[in-house]
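In the numbering used here, the protein residues as written are 65 to 114. Structure first, commentary second.
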Amino acid sequence: MNKVVYRGSDYRNPHSYNSWFARPATVAMGLALFTLAMGFACVLASLAPV
């Protein structure tokens, strides 16, 4: 098993390598980016000539 996992800023605590996905700020940023991407896709779809 890997003793040290370099992911985000969790390299100090090898046992919390999975907390990068459970961070509220990271989840909120992911949701914001997803919403922004969906909105952009909708705008492109509405602008594209059918």
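Heads up, the beta-carbon is just placed ideally off N, CA and C, and yes, glycines get one too.
Spatial distance of residue i from residue j (CA atoms)
i	j	result
residue 106	residue 91	22 Å
residue 94	residue 88	10 Å
residue 110	residue 101	14 Å
residue 108	residue 98	15 Å
residue 96	residue 104	12 Å
Collapsed DSSP secondary structure at residue i in the structure displayed
i	result
residue 112	coil
Other residues of its chain near residue i: CB distance less than 7 Å, five sequence neighbours each side excluded
i	result
residue 65	With a pLDDT of 48 at residue 65, under the threshold of 50, the predicted position of this residue should be treated as unreliable, though the coordinate-derived value follows. For residue 65, where only same-chain residues beyond five positions count, there are no Cβ hits under 7 Å.
Contact set for residue i: own chain, Cβ-Cβ below 6 Å, skip 5 residues either direction
i	result
residue 112	none
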